[in-house]
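Enquirer: Would you mind keeping the following structure in view while I ask a few things?
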Amino acid sequence: MTIKEEIERKLKEMTGLETGFSVEVPDKKATDADYATNIAFALARSEKRSPREAANEFADSFRRSPIDAVDRIGVSENGFINFWVSKKSLQREIGEIIKAGMKYGSSRSVKGRVQVEFISANPTGPLTLANGRGGFYGTALSNVLAFAGADVEREYYVNDSGNQVLTLGRSILAALGFIESSEEFYQGEYVKEWAGRNRAFVERHREDPEAVGERAADDFLEGIKHVIEKKSGIHFDRYTSERSVRKKKLPEKALRLLRKSGKVYERDGAVWLKTTDFSDDKDRVLLTKDNLPTYFLVDAGHYLETKKRGFDWKINVLGPDHYGYVRRIQAVADILKFKRSDVVITQAILIKKGEEFVKMSKRKGTFVTFEDLVDEVGVDVAKFFFLAVGANSHIDFDLDLAKERSSKNPVFYAEYALVRAKKILAKAGVPVKAKTQDLSALGSVAERELMVRLASFPDVVAESARDYEVHRLTRYLMGAVKSFHNFYEEEKVIGSERERPKLALVTASAIVFENTFRLLGIVPPEEM
RNA sequence: GCGCCCAUAGCUCAACGGAUAGAGCGUAUCCCUCCGAAGGAUAAAAUCGAGGUUCAAUUCCUCGUGGGCGCACCA
Numbered sequence: 000m001t002i003k004e005e006i007e008r009k010l011k012e013m014t015g016l017e018t019g020f021s022v023e024v025p026d027k028k029a030t031d032a033d034y035a036t037n038i039a040f041a042l043a044r045s046e047k048r049s050p051r052e053a054a055n056e057f058a059d060s061f062r063r064s065p066i067d068a069v070d071r072i073g074v075s076e077n078g079f080i081n082f083w084v085s086k087k088s089l090q091r092e093i094g095e096i097i098k099a100g101m102k103y104g105s106s107r108s109v110k111g112r113v114q115v116e117f118i119s120a121n122p123t124g125p126l127t128l129a130n131g132r133g134g135f136y137g138t139a140l141s142n143v144l145a146f147a148g149a150d151v152e153r154e155y156y157v158n159d160s161g162n163q164v165l166t167l168g169r170s171i172l173a174a175l176g177f178i179e180s181s182e183e184f185y186q187g188e189y190v191k192e193w194a195g196r197n198r199a200f201v202e203r204h205r206e207d208p209e210a211v212g213e214r215a216a217d218d219f220l221e222g223i224k225h226v227i228e229k230k231s232g233i234h235f236d237r238y239t240s241e242r243s244v245r246k247k248k249l250p251e252k253a254l255r256l257l258r259k260s261g262k263v264y265e266r267d268g269a270v271w272l273k274t275t276d277f278s279d280d281k282d283r284v285l286l287t288k289d290n291l292p293t294y295f296l297v298d299a300g301h302y303l304e305t306k307k308r309g310f311d312w313k314i315n316v317l318g319p320d321h322y323g324y325v326r327r328i329q330a331v332a333d334i335l336k337f338k339r340s341d342v343v344i345t346q347a348i349l350i351k352k353g354e355e356f357v358k359m360s361k362r363k364g365t366f367v368t369f370e371d372l373v374d375e376v377g378v379d380v381a382k383f384f385f386l387a388v389g390a391n392s393h394i395d396f397d398l399d400l401a402k403e404r405s406s407k408n409p410v411f412y413a414e415y416a417l418v419r420a421k422k423i424l425a426k427a428g429v430p431v432k433a434k435t436q437d438l439s440a441l442g443s444v445a446e447r448e449l450m451v452r453l454a455s456f457p458d459v460v461a462e463s464a465r466d467y468e469v470h471r472l473t474r475y476l477m478g479a480v481k482s483f484h485n486f487y488e489e490e491k492v493i494g495s496e497r498e499r500p501k502l503a504l505v506t507a508s509a510i511v512f513e514n515t516f517r518l519l520g521i522v523p524p525e526e527m
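Counted from 1, the first sequence has number 73 at position 74 by numbering that gives the first Met the number 0; the numbering is strictly sequential.
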C-alpha cells in the first residue's frame, strides 16, 4: 500500500465516507505539506458547519489515533487538511523500491484479458502523424495496463481488402496511364513510386485492379511494419488481417448473432442494424442491396473473433476521423456481450507551417508522414512529445519547429537524470542491497522531496490504468527527475559522509525512472 | 444545417469542481576547484467573451467568437 493509500484508508475509516473526497499532492505554493484532502468540505456539508470547524475537529481526532505514515497534520484557513509524511515511512518506501526493483509500482489491481487495438491504419500508404500518435499512445496504455495486472494483447487490424484496396489498385493503374484518373484516387507521390517500381506486375494485371491493390497493400503493410517495429519500438502481438476475417466467414457469423438480438431489419433491399437503439444518430447498413458486407459488418466479424479468442474487454484507439464510428461499433460490442468496450479517440494533430495550418489528406498526398517525423527528430523525442499530452488534446504541430527544437526536448532532461544516476552507481561499484541498508540518515530537504516523488510512482501508475490518461506518467517523470537533478546539485554522493544511504536513494531513483521510461515505451538510455 | 472535440504564459502543453493556475522552450540575472552545466537558483509572463449553478468554476450549464473533425448501401 502506498502512503497515499494509507491516508485514504484512514480517512475512510474515520469518517465512514467512501467517495466525495480526494487525497492529492498540493500545490507547493499553498503549503509545504506532502498530501492534502478536501474531506472537510464533504463533512461540513453533511454536518452543517464550516469546513474549517470540521477540519479542526477531524485533525484533533486524527491526532488522538495517528498512523505511522503521517507525523504531522494541519488545517489551512479555508479548510483543507494537510499531511506531512513521516521520514520513517519514506525511508521504508525507498527500501521497498530497491527490494521490488522493476516490479515496483506493479500490481494486480486490474483483472482480466484485454485487447488493445491501435493504429490499424489502412495499408494504402504511409503512416500519418495521427497514426503515430495512436501507436505511441496504444503502446503506453498497453504497458500500463499490463503493469497494473491485466493480460494485454496489442492488436493491429489490417484493412487489406474491400473498397479502399480496390481504389488503391485503380489509383496505381491510373498513375501508369492504364485507366483514366479520378478525384477518388490516391494521389500521393508514394502511389507513383510504387507503380513505377512494379510496372511489369501492374501491366500484367491491368484488368484486375483488385490484385494490384492487394499486392500494393501488402507492400505498404511491410513498410508500415518496418516503421512501427524497427524504427519506433512499437510492438504488436497480433496483426489481424481483414482478408482472414472474411475467409473465416466471421462476418456471416456475426450477422447471425446480430439478427438474434432482434436489432436487424431490412429496408430498401439492404440489411440494417438498429444502432439508434444505442444512441447512434442513424441506423447502419450491414449488407448492401448487392448483398455485400459493409466495412462495419466485417469489423463486427473482427470483434466477434476477438470475443471468441477469450477477450471480454476491448479498447479501441481511433483517430478523430473515426468519431462517427464509435456509437455503432459500441453497439456491436454490446450485442456481442463484451463486458467492457472502450473507444479512445486521439484528437487531431494540426499541422502548421509557420502561422498557416496545412490541410492534411492521405488521398491527396498532402501530409507529413510519421516516418519523416521519426527520422527528423528521433523516436524518443517524438514519443515524449506526443505522450506529454492527453489523448483528447488537439496538438499544433510544426515539423520545422520540431526539428529546430528537438535537441531541447524535455525527454533529454529526463534521460539525463537517469544517466547521472547510473554514472554515480557505476562509480560506486558495489550494487546496493535492500536488506543491508540503514536508510534512517536520509532526510535533507532535497532528499525528502525526491523520496516523496518516488513513493508516489505506484499512485500514478494506478491512476493512469484507471482513466487511460497515460500522459500522467510523462508529467510525473518530469517532476521526479527535477527533484533528482536538484538532489544532485545539493548533495554529493560519492565520498560523502552518508554515502551508503544516498546510494540507496540513487538506486531507487534509477529504478523508478527506468520503469517510467519502459512504461512509456522509451528505451532507457545508458549514455547520452 | 446537425453532432462531437478544442481554446490557459511569447510558443507547445498540464491542472478527480478545490488553496496563491503548473512544466518545458523562449526572455532576464546569478551558479562549474566538486559524481557529466543536456544541470541548479531567481524573476517577468496566462484561463477567448457574456451570463448562470456552487461554500468553491480553467473545469459544470446556456449563448456568442475562433479552430479542428464527423455526418455513405466508403473504409
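Yeah, the Cβ is synthetic: ideal placement off N, Cα and C, and Gly gets one too.
None of the values given here were measured: they were computed from a predicted structure.
Three-state secondary structure (DSSP) at E183?
Expert: To locate residue 183, count along the first sequence from 1; it is residue 184. It is coil, neither helix nor strand.
Enquirer: Under DSSP, the beta strand (DSSP E) around Q114 begins and ends at which residues?
Expert: In the first sequence, the residue the question calls residue 114 occupies position 115. Here the beta strand (DSSP E) through Q114 covers 112-116.
Enquirer: Would you grab the beta carbon distance between A174 and V190 for me? Rounded to a whole angstrom, and I think it's under 8 angstroms.
Expert: Taking the first residue of the first sequence as position 1, residue 174 is located at position 175. Taking the first residue of the first sequence as position 1, residue 190 is located at position 191. The Cβ separation is near 5 angstroms, so the contact holds.
Enquirer: Can S508 and L449 be called in contact, C-beta distance under 8 angstroms?
Expert: As a position in the first sequence, residue 508 is number 509, starting the count at 1. As a position in the first sequence, residue 449 is number 450, starting the count at 1. Against a cut-off of 8 angstroms, the Cβ pair of L449 and S508 comes out as a contact.
Enquirer: Note down the Cα distance separating K361 from T123, rounded to an integer number of angstroms.
Expert: Against the first sequence, residue 361 aligns to sequence position 362. Against the first sequence, residue 123 aligns to sequence position 124. If I take the Cα positions, the gap works out to 9 angstroms.
Enquirer: How about L285 and T293: do their beta carbons lie closer than 8 angstroms?
Expert: As a first step, residue 285 must be located in the first sequence, where it is residue number 286. As a first step, residue 293 must be located in the first sequence, where it is residue number 294. The answer is yes: Cβ separation under 8 angstroms.
Enquirer: Which class does D341 belong to by DSSP, given the choice of helix, strand or coil?
Expert: Here residue 341 is taken as the residue at index 342 of the first sequence, counted from 1. Reduced to three states, the DSSP call for D341 is strand.
Enquirer: So the candidates are K336, I328, T287, V297; which of them puts its Cα closest to the Cα of K306?
Expert: Reading the first sequence from its first residue, position 307 is the one you call residue 306. For K306, the nearest C-alpha among the options comes from K336.
Enquirer: In three-state DSSP terms, what is V143?
Expert: If you number the first sequence from 1, residue 143 lands on position 144. The answer is helix: DSSP assigns V143 an H, G or I state.
Enquirer: Assess, as a yes-or-no matter, whether the segment 233-252 is touched by the segment 154-166 under the definition of 3 or more beta carbon pairs within less than 8 angstroms.
Expert: Touching, per the Cβ criterion.
Enquirer: Quick check: what's the CA-CA separation for K358 versus I348?
Expert: For this step, residue 358 is matched to residue 359 along the first sequence. For this step, residue 348 is matched to residue 349 along the first sequence. Rounded to the nearest angstrom, the two C-alpha atoms are 11 angstroms apart.
Enquirer: Which of the three DSSP states, helix, strand or coil, is assigned to L42?
Expert: In the first sequence, residue 42 corresponds to position 43, counting from 1. Note: L42 maps to helix in three-state DSSP.
Enquirer: What are the partner residues of A35, as DSSP defines its beta bridges?
Expert: Numbered from its first residue, the first sequence carries residue 35 at position 36. According to DSSP, A35 bridges with E23, N81.
Enquirer: Could you give the distance in angstroms between the alpha-carbon of E265 and the alpha-carbon of R327?
Expert: Position 266 of the first sequence holds residue 265. Position 328 of the first sequence holds residue 327. If you take the alpha carbons of E265 and R327, they lie about 17 angstroms apart.
Enquirer: Quick one: complete beta strand (DSSP E) runs, 3+ long, within the segment 343-394?
Expert: Within the segment 343-394, the complete beta strand (DSSP E) runs of at least 3 residues are 348-352, 355-357.
Enquirer: Considering only C-alpha positions, which residue in the set F146, D276, L372, V115 is nearest to Y532?
Expert: No statement about residue 532 is possible, as the shown extent of the chain runs from 0 to 527 and does not include it.
Enquirer: Is it true that the CB of L256 sits closer than 8 angstroms to the CB of G569?
Expert: Absent from the model: residue 569. The displayed extent of the chain is 0 to 527, so no value can be given.
Enquirer: Looking at the strands, I want to know which residues DSSP matches up with W271.
Expert: As a working note, residue 271 is residue 272 in the first sequence. Y264, V284.
Enquirer: If I'm right that P125 touches G222 with Cβ under 8 angstroms, what's the distance once you round it to whole angstroms?
Expert: Indexing the first sequence from 1 puts residue 125 at position 126. Indexing the first sequence from 1 puts residue 222 at position 223. Their Cβ separation, rounded to whole angstroms, is 7 angstroms, which keeps P125 and G222 in contact under 8 angstroms.
Enquirer: If A129 sits next to G318, beta carbons under 8 angstroms apart, how far is it from one beta carbon to the other, in whole angstroms?
Expert: Start at 1 with the first residue of the first sequence, and residue 129 comes out as number 130. Start at 1 with the first residue of the first sequence, and residue 318 comes out as number 319. Contact flag correct, Cβ pair sits at about 5 angstroms.
Enquirer: Determine which residues share a DSSP beta bridge with D150 and list them.
Expert: Reading the first sequence from its first residue, position 151 is the one you call residue 150. Paired residue(s): R112.
Enquirer: Are there 16 or more other CB atoms within 10 angstroms of the CB of V74, so buried, or fewer, so exposed?
Expert: Sequence index remark: in the first sequence, residue 74 carries index 75 (1-based). Result: buried.
Enquirer: Do you know how far the Cα of V226 is from the Cα of A35?
Expert: Against the first sequence, residue 35 aligns to sequence position 36. Against the first sequence, residue 226 aligns to sequence position 227. Rounded to the nearest angstrom, the two C-alpha atoms are 45 angstroms apart.
Enquirer: Looking only at its own chain, which residues have a Cβ that is under 7 angstroms from the Cβ of K262, when we skip the five neighbours before and after it?
Expert: As a first step, residue 262 is located in the first sequence; it is residue number 263 there, counting from the start. L272, K273, D276, I334, listed in sequence order.
Enquirer: Please state if the CB of L504 and the CB of L441 are separated by a distance shorter than 8 angstroms.
Expert: If you number the first sequence from 1, residue 441 lands on position 442. If you number the first sequence from 1, residue 504 lands on position 505. Going by C-beta atoms, L441 is nearer than 8 angstroms to L504.
Enquirer: Find the nearest neighbour of K248 within the set G137, H301, D289, judged by alpha-carbon distance.
Expert: Locating residue 248 in the first sequence gives position 249, counting from the first residue. Checked all of G137, H301, D289; the closest Cα to K248 is H301.
Enquirer: Quick one: grab the DSSP three-state call for D539.
Expert: Limits of the chain in this structure are 0 at one end and 527 at the other, which puts residue 539 out of reach.
Enquirer: Out of E154, A149, L386, which one is the CA nearest neighbour of F117?
Expert: For this step, residue 117 is matched to residue 118 along the first sequence. Residue E154 is the option with its Cα nearest to F117.
Enquirer: Are the segment 448-466 and the segment 134-153 touching, with three or more C-beta to C-beta distances below 8 angstroms?
Expert: The answer is yes - the segment 134-153 touches the segment 448-466, with three or more Cβ pairs under 8 angstroms.
Enquirer: Using the beta-carbon count (16 or more within 10 Å), is Y322 buried or exposed?
Expert: In the first sequence, residue 322 corresponds to position 323, counting from 1. So Y322 ends up on the exposed side.
Enquirer: Taking DSSP's pairing of strands, which residues face K313 in a bridge?
Expert: Taking the first residue of the first sequence as 1, we reach residue 313 at position 314. DSSP lists Q114, S340 as partners of K313.
Enquirer: How about V511 and Y103: are their beta carbons less than 8 angstroms apart?
Expert: Position 512 of the first sequence, counted from the start, is the residue given in the question as residue 511. Position 104 of the first sequence, counted from the start, is the residue given in the question as residue 103. Yes, the pair counts as a contact, with Cβ atoms nearer than the cut-off.
Enquirer: With which residues is F73 paired in a DSSP beta bridge?
Expert: Position 74 of the first sequence, counting from 1, holds the residue named residue 73. Checking the sequence shown, residue 73 turns out to be Gly, not Phe. Bridge partners of G73: N81.
Enquirer: I'd like the list of long-range same chain contacts for T18, defined as Cβ closer than 8 angstroms, with 5 residues on each side in sequence excluded.
Expert: Working through the first sequence from its first residue, we reach residue 18 at position 19. Contacts found: none.
Enquirer: Rounded to whole angstroms, what's the CA-CA distance from K9 to F61? Just pull it up for me.
Expert: Start at 1 with the first residue of the first sequence, and residue 9 comes out as number 10. Start at 1 with the first residue of the first sequence, and residue 61 comes out as number 62. One C-alpha to the other measures close to 9 angstroms.
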